[in-house]
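Single-structure report; data block below.
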Amino acid sequence: MAGERRKGMKFSKLYSFKCFKPFSREDHSQIGSRGYSRVVFCNDPDNPEALQLNYRGNYVSTTKYTAANFIPKSLFEQFRRVANIYFLVVAFVSFSPLAPYTAPSVLAPLLIVIGATMVKEGVEDLRRRKQDVEANNRKVEVLGKTGTYVETKWKNLRVGDLVKVHKDEYFPADLLLLSSSYEDGICYVETMNLDGETNLKLKHALEITSDEESIKNFRAVIKCEDPNEHLYSFVGTLYFEGKQYPLSPQQILLRDSKLKNTDYVHGVVVFTGHDTKVMQNATDPPSKRSKIEKKMDQIIYILFSILIVIAFTGSVFFGIVTRRDMSDDGKLRRWYLRPDQTTVFYDPRRAVAAAFFHFLTALMLYGYLIPISLYVSIEVVKVLQSIFINQDQEMYHEETDRPARARTSNLNEELGQVDTILSDKTGTLTCNSMEFVKCSIAGTAYGRGMTEVEMALRKKKGMVPQEEVGDDSLSIKEQKSVKGFNFWDERIVDGQWINQPNAELIQKFFRVLAICHTAIPDVNNDTGEITYEAESPDEAAFVIASRELGFEFFSRSQTSISLHEIDHMTVYELLHVLEFSSSRKRMSVIVRNPENRLLLLSKGADSVMFERLAKHGRQNERETKEHIKKYAEAGLRTLVITYREIDEDEYRVWEEEFLNAKTLVTEDRDTLIDAAADKIEKDLILLGSTAVEDKLQKGVPDCIEKLSQAGVKIWVLTGDKTETAINIGYACSLLREGMKKILITLDSSDIEALEKQGDKEAVAKLREGMTQTAAVTDDSVKENPEMFGLVIDGKSLTFALDSKLEKEFLELAIRCNSVICCRSSPKQKALVTRLVKNGTGRTTLAIGDGANDVGMLQEADIGVGISGAEGMQAVMASDFAIAQFRFLERLLLVHGHWCYRRIALMICYFFYKNLTFGFTLFWYEAYASFSGKPAYNDWYMSCYNVFFTSLPVIALGVFDQDVSARLCLKYPLLYQEGVQNVLFSWERILGWMLNGIISSMIIFFLTINTMAAQAFRKDGQVVDYSVLGVTMYSSVVWMVNCQMAISINYFTWIQHCFIWGSIGVWYLFLVVYGSLPPTFSTTAFQVFVETSAPSPICWLILFLVVFSALLPYFAYRAFQIKFRPMYHDIIVEQRRTERIETAPSAVLGELPVQVEFTLHHLRANLSRRDSWN
Amino acid sequence: MSSTVGGGGSAEPSGVKKTSKRPKYSKFTQQELPACKPILTPRWVILTFLVAGVVFIPLGVICLFASQGVVEIVYRYDTDCVPPSSRNNMVAYIQGEGDKICNRTIAVTKPMKHPVYVYYQLENFYQNHRRYVKSRNDAQLRSPSEERDVKTCAPEDNVGGEPIVPCGLVAWSLFNDTYSFSRNSQQLPVNKKGISWKSDRENKFGKNVFPKNFQTGAPIGGGTLNISKPLSEQEDLIVWMRTAALPTFRKLYGKIETDLHAGDTITVLLQNNYNTYSFNGQKKLVLSTTSWLGGRNDFLGIAYLTVGSICLFLAVTFAVLYLVKPRQLGDPSYLSWNRSAGGLQ
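Protein chains in written order, with this note's numbering: chain A, 1 to 1173; chain B, 1174 to 1518.
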């Protein structure tokens, strides 16, 4: 079982596709029917029938837009946002007399905002297009009419073309392999672009086509499945010279994979362009939105409601006032408005209509409450934030040369709110590089090494690892440092095994390891060293182990496997490979040995192997089982090794059946093949078992410790056995001493009994158990905060995930600090993730590295892929990719925390600044009989969001830090600010909004009372509309920028630049705009230079207003820091007091000069690293 | 965002020249820029409030002094200048024919240094009404070639097809009360030059634009203009057309260029023409000197004093609070999530 996951790699990819995109077509057994209708005329694309089929060409376009549809389509994308639609409508209506301001002034910011987003989209798309053009114009050799190969561009390829691909070239389309430079028609391909796997895969042509000479006149028809996205399946038939030959994925060369180790191949184009499997696979990952963004939408709705309420209030007053402008007998009240001869918008006789139209006007006027640039600012900020994540050196992994990568920028702030982490084990917590450490042969355990888990357990128990053992393992490492091999036993190594009592069995054991696999040897010609390309690290470990112990596998052909056995070379004729699958949990090979005897060599999980043993092959069963259990406890992955001899007759009968099954072209071929394989894999003779260690990744225990200190719950979902999982749990400090362990398991006897009685009882039993335990945990949580760890096995999980039990299970699980689910399938992983996500409503993060984690990654709020050894499938499905598990700590505690508080503060501030501005308009309205006259010049207003307030808020979103990265890591509890969402709670949001409204009132009422009717200058001039507007507007600009200055915690030159720069830009704008001819500048003409700047009262008002408007916030904040400090406040203070305390010691100068110098140096380093916080 | 699978395998391995993907170190990319991180320590809080108080209170006193130094005479005449017999229907009186001359006296209680500014003050007059503000055409005011550009001026756009210059409701409702002052039966000249903004005279109102068809159609709104004077010299119009921000406003009428002494009695000869009666608007005549801060308004000084006092009060409060209930800075006992923190930062 331990080997299942590793071996399952290839299968698991299949699984992830089948599982989550199940075949919709059922039971299409016949080629030619629906779903299987493709016909390819090989080497005859000009055949009239072929032309009639009219398959798509090989031109590929991955762009989102084309030149023609860019504008409409990207506009459509833009206006799917409610706020943008609102602004569009406003822009249209602004051409009507309803508008309170001129149309260009409302269009300009909208165009800038939309334009910026469109440019961003366009640039992204251009980049894709460049890739497309490059790919479409690559050259490939095609067999022309004349029978010679001619070069052509990829995009000109047609279905049925016969192409020749050379070494290290990409396949231009999905090809059917006909022949290669090798006689037996094999070739090696690298599929890195498809699944990220770097190992080579073997493909082989059908025997009848592999003759290279006849290729030029090759004529055949292929009937096969329609284009689909299943990378690892292909069903088709080749009609050649009147006969039918089944085709399998073995003959298919996929586009975007690369020919390796083979000089050239010939192939027929089967799928072109967008029909190719890789293109069919190219679907966008499901788009995820962060919780903050969802909440932001709600706030936008609140703002819309405020907007409607104040617009409505204004309209009512306006209606009343307008109605009174003309009495029933025709007397005019405000005669200067000419209410007797007016338009419908001001007509007292139609006051209701006027009020209604005013309502529309007001909706436009107070539109400044809705921050138009919010979305685009957030997008910009998030892109910049993810650049910072990508650029972080601390998350760069030297060995694999991989930096962290934010694949989407949507979820940065969500990283700061993770409540539960669901983690895969293999390759995520562990290195996924397997080392052969122990084995049990014929009931004797070999291998002296200590595993990390054992050492960790001993350490936890307070035992010092035994000197002796430590020395031993040290000396081993000095002797040989062979990757994948960490085995030492004086009874076995250096050929000593010959002297063991069971030497014959030992020989057989290692022979099985050397033969029963699918690895490909790669002999280095210079040194003679052999490396192996194996599908899984386990296999590589086996082959390496057998090599180290004297059974060197050095060559493989399609029909043979050659070994150097100690001193002589033996060649085994390879008859069949019964491949691994996760349902079979085993793999076997059938070989003919040099003595001409037929052997079936088999390895597999203990759960399936023991039941297949022959009666006479169970000699050491008991001991072996015991060893396996011990290995599992030591965190090792085990496989059972068996063999059997087959007599010729039995083989012949079986082979016929097996080949029959293989040549079938139906969907259930695989099942039939499995059934046939089943028949020969029986009566096995037990040899022993292997134990392979998957080392914990560096820093995993520390990282998990930190994360749990940060209050993040960690669930491990693994395919391992319960014992292995528990021990790994201890090793990586997921389970700790003093933690109460709750184990939910249904052992096999239970299962049998329960299965007889039916599910209901099982469910009932589990429920009872879980409710009881939940009650127990509940009680003890009240009494003393004890920690719980829950371990549940796959079978119980099946029941627990049942809808009837879900709730109980979840209730129990969320009370526990750590949860480990063993033997869980990929689907269960995804289901557990969904359960946690939906059940608790908290943010979940799934982390995994393999294709079997894809479902989980996509289901979780955030998917993090480990870009490790096991291919790129998980990374492709992830939102963030990191190279090592330990980087998760920094990703969450530092970047997550920062991004969260940045975005939270940024959104709050955005609403604040727009409310401040919007409400000054409203107050002014009250003094303009709600007629819809804005207090400011049109262009002041339209520049507000775009020029005078946008950059500081972006700087806030990108750069602000409450505490430095080091302190984030030092005080992991700080992370709870995000989990508990204190920075974006409703109180806080509403507090900011209230602050905005209060500020607007202070600004407005102080200004109008100071600038009342009296002269405002020495020369007796009085305040008019333009002066009041400029003064108030300056106050607003100063106000929101100063508010920003006192809200942020981190002042670099960038913040200074942006904040003071924005204010500067406002005055610059005022001067420039005011010097334009009055027909453009209207009320702003010369207003600053001539009118308000020389007036001392204008500056005095500004000073007073800005200070008074900041006062409430400042006092609140001072009060808060004093009495209800937030977590980061304390950390900042603590850091400061620490510095103050340490500073004088250096000043005192009592230390020797040298020490002082070192200290100084250290401190300098420290302050450099901490950026002087 | 989009799939990374397409694109035809452009992810060529980096070949011979092995370039590391290690992010380059810079203080910027590692977010380690030198920064100042202000902390609100008690010392800073108290200091800030103290300094603010210490700065604001003197400023308030200065402002208050400046305002108090201004001598201002406000005389409301809208009701006074209507004969008692017409007071129950003042609208009919003001709209009726005949001279509405009104003779009043004002006592000067404090000496007023010249120049003494003469203002008229209107109340409840919405010069900031959207319909009113928009009803003008700046282009037309500037250049005679644009005189037909009257589209924003309806209903005061043209008379019998001929455009009105200046068009629109603002000009049409021009204030037309007049005042003349005398002291001891000696005329006090009112200088009406230079009462408008220079930029308005020179750039907004054309030197060769003359009033046309102004107040010739019915109904007649406010004052008329001298059709032989270009708009740039019609300063009353220029002042009037610089619309006020609020419904209570003053506008400059002229300047008296002689000092007025305490005890002087000034006789004002008023032409009460302008109709504020239909909307219950008040009309006031204001004589005022100015200080460096402008006219008389105590609000700014009081506001400064108030804010300053609040700051001092806060400084004291905080100082007391810190003394009575000290919290050690960076006290780790607060580092617990048992308390529910929240609210505005």
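Ideal placement from N, C-alpha and C gives every residue a C-beta, glycine not left out.
Every value quoted in this text rests on a predicted model; they were computed, and no experiment measured them.
A/Cys968: not part of any beta strand (DSSP E); member of the alpha helix (DSSP H) spanning Ala965 to Lys970, first to last residue.
No Cβ-Cβ contact shorter than 8 Å links A/Gly978 with A/Tyr912. Close partners of B/Gln1203 in chain A (Cβ separation under 9 Å): Phe388, Gln391, Asp392, Gln393, Glu394, Ala965 and Ser1171. Taking the beta carbon of A/Gly932 as reference, the chain B residues within 8 Å of it are Arg1303, listed in sequence order.
With a 10 Å radius around the Cβ and a threshold of 16 neighbouring Cβ atoms, A/Pro403 comes out buried.
Note on the segment 550-614 of chain A: whole alpha helix (DSSP H) runs with a minimum of 4 residues are 606-609, in chain order.
Between A/Leu1028 and B/Ala1418, the C-beta spacing is below 8 Å.
By the Cβ criterion, the segment 1299-1315 of chain B is not in contact with the segment 1477-1494 of chain B, since fewer than three pairs of Cβ atoms, one from each stretch, lie closer than 8 Å. Close CB contacts of A/Gly688 within its chain, under the 7 Å cut and outside five residues either way in sequence, are with Cys439, Ser440, Ile441, Ala442, Phe509, Thr624 and Ile641 (chain order).
By the rule that beta-carbons nearer than 8 Å mark a contact, B/Ser1346 touches chain A. A/Arg644: member of the beta strand (DSSP E) spanning Leu636 to Ile646, first to last residue. Cβ-Cβ separation between A/Gly314 and A/Ala362: approximately 5 Å, consistent with a contact (criterion under 8 Å). In the DSSP assignment, A/Lys258 falls within the beta strand (DSSP E) that extends over Lys258 to Lys260. Residue burial is scored here from C-beta neighbours: A/Ser214 has fewer than 16 other C-beta atoms within 10 angstroms and is therefore classed as exposed. In this structure, the straight-line span from the alpha carbon of B/Pro1328 to that of A/Lys64 is close to 53 Å. Taking 8 Å as the threshold, the shortest C-beta distance from B/Asp1311 to chain A falls below it. Around the Cβ of B/Gln1313, a 10 Å sphere holds 16 or more other Cβ atoms; the residue is buried. Neighbours of B/Cys1209 in chain A, taken as residues at a C-beta separation under 7 Å, are given in chain order as Phe1051. Put simply, the backbone Cα of A/Tyr36 is about 8 Å away from that of A/Val235. Within the model, the alpha-carbon separation for A/Leu457 versus A/Phe271 is close to 55 Å.
The C-beta of B/Leu1496 has fewer than 16 other C-beta atoms within 10 Å across all chains shown, which makes the residue exposed.
B/Ala1435 is the residue among B/Tyr1250, B/Ala1435, B/Tyr1450 and B/Ser1405 whose C-alpha sits nearest the C-alpha of B/Lys1286.
For A/Val692, the enclosing beta strand (DSSP E) has its first and last residue at Ile685 to Leu696. In this structure, the alpha-carbon of A/Ile820 lies about 59 Å from that of A/Tyr149. Short of 8 Å from the beta carbon of B/Thr1202, and not among the five residues preceding or following it, lie these beta carbons of its own chain, in chain order: Pro1196. Interface criterion met: the Cβ of B/Leu1213 is under 8 Å from a Cβ in chain A. When DSSP states are grouped into helix, strand and coil, A/Lys243 belongs to the strand group. The Cβ-Cβ distance between A/Glu681 and A/Leu578 falls below 8 Å.
In the three-state reduction of the DSSP assignment, A/Asn69 falls in the coil class, being assigned neither a helical nor a strand state.
Around the beta carbon of A/Glu650, fewer than 16 other beta carbons lie within 10 angstroms, which makes this residue exposed.
Excluding its 5 nearest sequence neighbours in each direction, A/Asp44 has C-beta neighbours in its own chain below 8 Å: Ala50, Gly160 and Arg219, listed in chain order. Note on A/Leu1068: under 16 other CB atoms within 10 angstroms of its CB, so exposed under the neighbour-count rule. In summary, the residues of the segment 1008-1026 of chain A whose CB is separated from some CB of chain B by less than 9 Å are Ile1008, Asn1009, Thr1010, Met1011, Ala1012, Ala1013, Gln1014, Ala1015, Phe1016, Arg1017, Lys1018, Asp1019, Gly1020, Gln1021, Val1022, Val1023, Asp1024, Tyr1025 and Ser1026, in the order they occur in the chain. Closer than 8 Å at the C-beta level to chain A, one finds these residues of the segment 1435-1452 of chain B: Asn1448, Ser1451 and Phe1452. With a threshold of 8 Å between beta carbons, A/Gln78 makes no contact with chain B. Taking C-beta separations shorter than 6 Å and ignoring five residues to either side along the sequence, the partners of B/Thr1440 in its chain run Thr1278 and Ser1355, following chain order.
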